[in-house]
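For any residue, its number in the numbering used here is found by taking its place in the sequence shown, counting from 1, and adding 1349. Each residue gets a CB set at the ideal place from its N, CA and C atoms; glycine is no exception. All of these numbers come straight from a predicted model, not from anything done at the bench.
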Amino acid sequence: MNKLIFTYLFLFLPIISLFGQETEPGFKMDTVVGARTLSDTTIVDTLHVMSADTTLKEKAAFINDPIQYEAVDSMVVSLDGQKVYLYNNAHVTYQNIELTAYYIQLDLDTKEIYAEGIPDSTGEMTQKPIFKQGAEEYESETMRYNFETEKAFITKVVSQQGEGFIHSDRTKKIGEEVFITEKAKYTTCDADHPHFYLQLTKAKVIANEKIITGPAYMVVEDFPIYFPILPFGYFPNSPTYSSGILIPKYGEENNRGFFLRDGGYYWAASEYFDLAVQGDIYSRGSWGTRMKTSYRKRYKFSGNFGFDYAINKYGEKGQDTYQKSKQYKLTWSHSQDAKANPNRTFSASVNLSSSGYDKQNAYNTNDYLTTTKSSSISYSRRFENTPFNLSMNLRHSQNTRDSTMSLSLPEMTFSMAKVYPFRKKTRSGKLKFYEKLGFNYTGNLKNTISAKEYEILGSSFTKDWKNGIKHTLPLSFPSFNLFKYINFSPGISYNEKWYFKKYDYEYVADGNFTNNPSGVPSTVRVDTITGLNRVYDYAYSLSSSTNIYGMFMPRNPNSRIKGIRHKMTPSIGFSYRPDFGRDKFGYWQEVQVDDKGKTQYFDINRDGVYGGSPGRGESGAISFSLNNNLEMKMLEKADSVKTEGEQKYKKVKLIDNLSISSSYDLIADSMNLAPFNIRARTTVAGVSINMGTTLDPYMVNENYQRIHQYVWNERSGIGKLGRVTRANLSFGMSFNSKKDKKDNKQGAKTGAEGASDTPGEDQPEERVLPSVYDSYLDFSMPWDFGFDYSLNYTGPSRSYPNGRVSQTIGVRGNVKITEKWNASMNTNFDIQAGEFSFTTFNLTRDLHCWGMSFNFVPFGYRKSYSFTISAKSSMLADLKLQKQQSHYDNF
């Protein structure tokens, strides 16, 4: 009997012991049938949270916070309450530590936790332990961690350190963020089985700081490269930027010799700005230096600044081929945050360089091909609750081909939006005629110079710089309709210019002034008189326009064309300006130019920053133009089932625009009619075609000078339309491979499964290949190809009696050979000269964590090639294989 009682006590004591522990209210205690259960324990299949006042914490003084744990299948607690076993998607959280795995064992006696995954049917390990502590995360096969010492032993761990990954067979965690590894792999490849890595015999990893390694060697596609071997390695691993040395690139050029390029130092000054100083040095005497900085203040502004300086030497000193040039480049970009100030803005975009800088120092195609540059530094102010605005600018533009440069320092504009002085603040009813009268004002101050680069620094501010102030005051009168459909708009414009110098011309009988401006004889002395000089002019204008529509409706009721609409917009305008060459204005000075008493008029305000004086003689002209638009409305696809309201129509533009314009001078004594400008634009089969021509209604003499003889009186046939002085034609076409349709991915659905019985619904495409080929790859090569054609014609002249024709064609193409291979080309061909301009061929290969590129310029000034295989990660930017012939070798 005692033996029987003892047996029952032995079986039920664990259950009684478990019920004696504290549990959260509502937790269900149940027996779970599953793997790895213990016969002498009770199994719980729901979440169990250990609070700070539980029995487990009382027996483990090192626990300062609650331990939360859960599992999907089962949670098993030992008899003494010191061990907890969690199965299937187990999850344990303690302070900032979080651990998930298939199986977790929590031992409060040894203060350790153990975790491991489980292999699936294929032998692959699943539900691997994932350990998170703060921002750090690690994945492994097994892990043993001590809560008190924060030390751990991990096997088969993969951790991410910045841009890189560390795969380690055995890792020991000796601190919160310090690890020691053995036989580890360091790589920037994110594949489970990396394509390349550095085999580290041993390493110490300090998270978010650095990685220090012992001897290491490269392994590519599991093939070890023992030579060269690295005796040690240092990899910075800081999440924030930090100061350090910039490793230079090395190479060779035929002209400048061996080089070390882009070496220097990077200074992480603060969170607001940084600074990088780099330099280049060549074995044949050339050198260069550059400075770059970026700055930013949150919610205020951001920008970057850079300055480059280079001295290039070519050839041997003392020989005729020796050349030495100094080059510079200045860049600055500044932008203001939109939240900083809604009424004031300041921005800068500066790109200034010497004319030869890009030719001799550019390393990319876009910089090399750029021939024009511009800069702007601007400040604007809007006066709140007023119509006034103020803007100030510093502008720069240059042409690197002929080294000309234009500076505007400064340019200031003050403007007032349109105001209506006779309009009441509170009104009722319609506006009166005079209430529609309004005007606006614009004042502009400008100080500019345009000269060669080498002339600007030595220029005279009073003689060479142009400056002035311009006032513009247009008056807008109310527009009105005539005969209900014709709109008339009258207006008066008034302009006034203030210059601070003017010219005085005087005839000198024996004079020989060789530095006179163009058009001024050497017998005339030109004096500059400083002081305020006021120049004004005004003009009257009246313009009218209307729209005329024409419709064509097909007689066939079954035609897909529902209608063709022709829209014409004729406009006519009249403008008049008085004769400002009269003596009372004093803008033109009549001066004797030779000893025979011949006189000539000269502009006292010539070469002004806003132009010279108003032209001599009054001007009155009628301008007219006619714009045409032709479009068609047609049915997309006829469907007898759908009603008229359900049918879909589309608009087809037959002629986007066809315009003709000219003017007639009412005051000129001859050749009153201006040339006719004809422009047309249309689209044919998706191809945009632009064309234009200029027809002169007057003939020319044997010296190709216009004479007062109308073409239609002298020629016959189509020549009566006018004399062609200019013509152009341009169009471009693009072709590409057909895009894959979504239905192709559902090709397996055929017959009753894939078809739709609903009328009008799209049916899935039929399969091209039978199901036996499902294991084969659907091979495709997406491609695109395009070309642009341009034709320009200039009529006969003294230099080109038969006229001049220029034709160019540009060709571009791209083909994706495979998912990873891509090829492209770009070229231009001058048909008249029979020569190719800049031509490039490019071939790239995506190697996942690596990239391969081959660039080839087969001919021309920039003839070169380069072949590069390099790691994509910026951390391993110097890990590359490169072979090239620089275009600098073509000098």
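Spatial neighbours of residue i in its chain, beta-carbon cut-off 6 Å, leaving aside the 5 residues before and after
| i | result |
| --- | --- |
| L2230 | I2218 |
| N1438 | V1421 |
| S2012 | A1970, S1972, A2023 |
| V1382 | Interpretation of V1382 is limited by its pLDDT of 30, a score under 50 that renders its predicted location unreliable; the figure taken from the coordinates is listed afterwards. Hits under 6 Å: none found. |
| S1968 | R1926 |
| S1632 | G1606, F1607 |
| L1743 | I1726, L1758, P1759 |
| S1729 | T1694, S1740 |
| I1921 | S1893, F1973 |
| K1673 | K1662 |
| E1512 | T1537, S2222, M2224 |
Residue nearest to residue i in terms of C-alpha spacing, selected from the options
| i | options | result |
| --- | --- | --- |
| Y1443 | I1462, Y1434, N1437 | I1462 |
| F2084 | F2136, S2037, L2070, R2028 | F2136 |
| P1963 | I1971, F1973, S1972, D1952 | D1952 |
| S1698 | Y2214, I1726, L1455, T1721 | I1726 |
| Y1848 | K1781, G1960, P1906 | G1960 |
| G2152 | S1591, N1816, Y2053 | Y2053 |
| T2031 | N1603, K2002, D2014, E1760 | K2002 |
| L2044 | V2036, N2077, V2033 | N2077 |
| Q1941 | V1857, N1413, K1999 | V1857 |
| V2036 | S1892, W1636, M2082 | M2082 |
| S1924 | P1573, D2179, S1890 | S1890 |
| H1516 | N1976, E1602, Q1417, E1531 | E1531 |
| E1985 | I1910, K1933, M2048, R1965 | I1910 |
| M2048 | T2042, R2028, K2069 | K2069 |
| L1547 | I1523, I1578, Y1615 | I1578 |
| F1576 | M1567, E1499, F1584, G1582 | M1567 |
| F1934 | N1905, H1915, Y1887, P1691 | Y1887 |
CB contact flag (residue i, residue j, <7 Å)
| i | j | result |
| --- | --- | --- |
| K1851 | I1818 | no |
| G1840 | S1828 | no |
| N2175 | T2189 | yes |
| F1502 | T1536 | no |
| N1748 | T1791 | no |
| I2009 | L1979 | no |
| K1481 | E1447 | yes |
| S2079 | S2146 | no |
| N1586 | K1559 | yes |
| I1555 | V1527 | yes |
| V2060 | R2072 | yes |
| L1844 | T1872 | Here the sequence assigns Asn to residue 1844, which means Leu is not the residue at that position. Against a cut-off of 7 Å, the Cβ pair of T1872 and N1844 comes out as no contact. |
As assigned by DSSP and simplified to three states, the class of residue i
| i | result |
| --- | --- |
| H1421 | Note that residue 1421 corresponds to Val in the displayed sequence, not to His. Looking at V1421 - three-state DSSP - the assignment turns out to be coil, as it is neither helix nor strand. |
| N2141 | strand |
| S2037 | strand |
| Q1709 | helix |
| M2130 | coil |
| K1833 | coil |
| V1942 | coil |
| K2069 | helix |
| K2165 | coil |
| E2051 | coil |
| V1857 | coil |
| L1455 | strand |
| E1531 | strand |
| N2093 | Its pLDDT being 43, under 50, N2093 is placed unreliably by the model, and nothing is read from it. |
| M1640 | strand |
| L2225 | helix |
| V2060 | helix |
| V1869 | coil |
Own chain residues within Cβ distance below 7 Å of residue i, not counting five before or after
| i | result |
| --- | --- |
| Q1676 | A1659, N1661, S1703, G1705, Y1706, Q1709, N1710 |
| K1505 | S1489, E1490, D1518 |
| G1613 | L1595, A1625, V1626, Q1627, G1628 |
Neighbour flag for residue i against chain C, beta carbons, 7 Å
| i | result |
| --- | --- |
| S2215 | The structure shown contains no chain C, having only a single protein chain. |
Cβ-based neighbour list, residue i, same chain, cut-off 8 Å, excluding 5 preceding and 5 following
| i | result |
| --- | --- |
| Y2214 | F2203, N2204, F2205, V2206, Q2233, Q2234 |
| L2228 | S2219, A2220 |
query = Which full runs of the alpha helix (DSSP H) of 4+ residues lie inside the segment 1954 to 2010, going along the chain?
reply = Here no run is fully enclosed.
query = Enumerated in chain order, which unbroken segments of the beta strand (DSSP E) with a length of 3 residues or greater are wholly contained in the segment 1582 to 1635?
reply = 1582 to 1585, 1593 to 1595, 1598 to 1602, 1606 to 1616, 1624 to 1631
query = What are the complete beta strand (DSSP E) segments, minimum 3 residues, inside the segment 1758 to 1840?
reply = 1787 to 1801, 1815 to 1825, 1829 to 1831
query = Which residue spans inside the segment 1465 to 1492 form an unbroken beta strand (DSSP E) run of at least 3?
reply = 1479 to 1482, 1485 to 1488
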